[in-house]
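Report on the following structure.
Residue numbers (our numbering): 8 to 278.
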């Protein structure tokens with residue numbers, strides 16, 4: 008067990024246990040997909056005492072999780088990170104994807120994992136047999152991410168779904184970008200929120216990223232899609248939204264890093 012009290016580890020004992028920056032092989036006897044699908048279908052999770060809690064609205068939809076998972080597996084990504092673990096639903100999708108690659112490793116950061124989510128996220132990781140793949144930090148992301156970047160952590164994929172204030176999400180992206188390899192990708196969730204669409208707009212207008220299409224709406228019917236679009240139209244001024252997501256029903260976007268940050272110090276594009 009690490010001396011760092013912010014790290015909750017659920018690892019099998021053995022010589023591979025070490026600091027969070029050491030990448031370990033992740034031998035697998037199958038996948039965690041049945042476990043996470045069962046959670047989606049029941050709509051409930053349980054804590055260590057057996058108390059049940061509904062996963063919505065805190066957790067991603069099954070279609071969103073599967074879209075991210077399949078994208079990661081298709082790219083062969085092995086090093087991932089998320090801000091905002093909650094009940095561990097997204098964690099299971101991401102960790103299962105990287106666990107399919109030797110040395111696969113996932114980092115989850117959530118300051119409320121114990122106080123707000125009853126440690127259910129970390130319990131679900133253990134129940135799914137992914138405890139040798141996942142490190143959980145019970146800490147604010149704005150404190151943990153600089154430490155990871157300073158330790159020269161490298162990432163293939165990041166899922167930003169923590170605190171949804173614009174400045175908080177921007178800080179998450181800033182440090183994630185420092186760690187993300189060219190060819191890696193970052194996913195933003197909850198695009199129904201103007202703050203997240205603003206962040207998407209900033210990235211697309213000012214950084215070397217391109218939008219990658221993933222089908223996250225397979226389980227959402229046309230009436231529901233139309234409702235989502237109408238809700239966004241009613242939620243502010245169309246003229247001030249340059250994100251490109253205002254009239255799209257998706258609640259998730261994936262942006263691939265296509266180059267390092269080579270901006271001139273005076274560069275700025277409105278977003």
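Don't be surprised by glycine CBs; every beta carbon is placed ideally from N, CA and C.
At least 8 Å separates the beta-carbon of residue 110 from that of residue 120. When DSSP states are grouped into helix, strand and coil, residue 198 belongs to the coil group. Under the three-state reduction of DSSP output, residue 87 falls in the strand class.
The stretch 194 to 212 makes no contact with the stretch 40 to 53; the number of CB pairs closer than 8 Å stays below 3.
When the five nearest sequence neighbours on each side are left out, the beta carbons in the same chain lying within less than 6 Å of the beta carbon of residue 90 are those of 116, 148, 167, 169, 179, in order along the chain. Per DSSP, the continuous alpha helix (DSSP H) segment holding residue 185 begins and ends at 173 to 186.
For the options 220, 61, 106, 276, the alpha carbon positioned closest to that of residue 261 is the one of 220. Out of 207, 103, 84, the CA that lies nearest to the CA of residue 161 is found in 84. Contact annotation, residue 135 with residue 39: C-beta distance approximately 4 Å; criterion of less than 8 Å satisfied.
In this model, residue 276 and residue 209 are separated by some 8 Å (Cα to Cα). Counting only runs of 4 or more residues that sit fully inside the stretch 138 to 174, the alpha helix (DSSP H) segments are 148 to 157, in chain order. Counted as a single uninterrupted DSSP element, the alpha helix (DSSP H) harbouring residue 76 occupies residues 69 to 82. Scanning its chain for C-beta atoms nearer than 8 Å, with the 5 sequence neighbours on each side dropped, one finds around residue 156 the residues 182, 185, 186, in chain order.
Looking at the DSSP output, residue 217 sits in a beta bridge with 263. Residues of the same chain with a CB within less than 7 Å of the CB of residue 96, apart from the 5 flanking positions on each side, are 43, 46, 62, 66, 67, 72 in chain order. Less than 8 Å separates the beta-carbon of residue 105 from that of residue 140. With a 10 Å radius around the Cβ and a threshold of 16 neighbouring Cβ atoms, residue 191 comes out buried.
Rounded to the nearest whole angstrom, the CA to CA distance from residue 55 to residue 137 is 17 Å. Counting along the chain, the unbroken alpha helix (DSSP H) around residue 47 starts and ends at 40 to 49. In this structure, the beta-carbon distance from residue 124 to residue 144 does not fall below 8 Å. By the neighbour-count criterion, in which 16 or more other beta carbons inside 10 Å mark a residue as buried, residue 122 falls on the exposed side.
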